[in-house]
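Numbering (the numbering used here), first residue to last: 233 to 490.
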Amino acid sequence: MKVKNISFLLPLQALDRQIYEYNKDIESMPIELDHYKKQLISIKREILDSKNKIKELELKKKNLDLEIGGIEEKIKKISDLIITAKKLTNEEYQLMLKQKSGFEADKKVIEDKWLEIETEIEHTKKSISLKEDDEKDIDSQISVKTSEINAQIKDLTTKKNSLDMKRSELLTDINDEMLKIYDRVLNSENTNGIVLAKINHQAKRKKTSTFEDFIYSCEGCSMELTPQDVNKVLMADEIIQCRNCSRILYMNEQPQLT
Ligand SMILES: [Zn+2]
């Protein structure tokens, strides 16, 4: 198969490069939502944690209510006793008063704790309500962003489809065997939609009398090519691929011999 005019693959290459870019953009677009989705997950977790915290605090408050109730009963009993008991010695009377004020002090300590918890509950509720506002904001940002992205994807897909059609028109002029190799390189990883690689050359010395006086490299991966490979490309008897990146090599301009 003579491949002299490999440059007729260049329009196909140009199309495929563009199609590759469109595909990349289409695939990467939904990733823009990840940032918002992560935010949403973290805020939902925070809200749940805060709600659990409130449950715990309510339970603590309930236990303190029971404790307060118990102490109030003791205070009532001792107050009743002080009023109804007869023939109390002054010493007994002072002892009861002391006990009663001891209970009242205990009650005060627990009531202070109760108030502290109540304040914490109120504070937590406020923070939940702020977080729920944030959650709504992020939700609506996600839905706005999603429709933007969907519109962009739709637009890119239309453009890509029209290139796909142009591509199939181009294919009718291309030899099957060549196309097979071309497509294999196109679909292999790391070629980034670039199948054809120009051979670059650089003079090794001032006087260049043969092709051996140049260093050749693949434009696709910068790997140095042997003069033998370059020669094969020039003979154009077969498709020559870069040994490193597999791209199909072609020569745009031949080195100038002096
Ligand atoms: Zn290469």
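The beta carbon of each residue, even a glycine, is placed where N, CA and C say it ideally should be. Computed from a prediction, not measured in an experiment: that's the story for all the values here.
Cβ-Cβ distance between residue i and residue j below 8 Å
i	j	result
residue 470	residue 377	no
residue 357	residue 275	no
residue 299	residue 342	yes
residue 244	residue 399	yes
residue 401	residue 432	no
residue 424	residue 254	no
residue 310	residue 340	no
residue 258	residue 385	yes
residue 403	residue 411	yes
Enclosing alpha helix (DSSP H) for residue i [first to last residue]
i	result
residue 319	Premise fails: residue 319 is in no alpha helix (DSSP H) and is neither H nor E.
residue 253	242-260
residue 410	408-419
residue 464	459-467
Which listed residue (the options) has its alpha carbon closest to that of residue i
i	options	result
residue 475	324, 332 and 429	429
residue 373	422, 434, 270 and 406	270
residue 479	455, 328 and 385	455
residue 238	436, 484, 488 and 490	484
residue 463	477, 453, 440 and 487	487
residue 337	382, 390, 307 and 321	307
residue 392	249, 410 and 242	249
residue 466	473, 482 and 457	482
residue 313	409, 326 and 302	326
residue 447	453, 440, 247 and 434	434
residue 439	420, 468, 422 and 490	490
residue 449	443, 246 and 457	457
residue 459	426, 355 and 444	444
Extent of the continuous beta strand (DSSP E) run through residue i
i	result
residue 486	Neither: residue 486 is in no beta strand (DSSP E) and is coded neither H nor E.
residue 428	428-435
residue 185	There is no way to answer for residue 185, as the model of the chain reaches only from 233 to 490.
Contact set for residue i: own chain, Cβ-Cβ below 8 Å, skip 5 residues either direction
i	result
residue 353	286, 289, 290 and 293
residue 268	370, 373, 374 and 377
residue 279	360, 363, 364 and 367
residue 406	240, 241, 244 and 414
residue 335	303, 306, 307 and 310
Cβ of residue i within 8 Å of any chain D Cβ
i	result
residue 393	The structure shown contains no chain D; it holds only a single protein chain.
Beta-carbon proximity list for residue i, same chain, < 7 Å, skipping 5 on both sides
i	result
residue 283	360
residue 427	245, 248, 414, 417, 418, 479 and 480
Cβ shell of residue i (< 6 Å), same chain only, five flanking positions each side left out
i	result
residue 281	none
### Message
Strictly closer than 7 Å from CB to any heavy atom of ligand 1: give me those residues in the order they appear in the chain.
### Response
In chain order, the hits are 429, 450, 452, 453, 455, 474, 476, 477 and 479.
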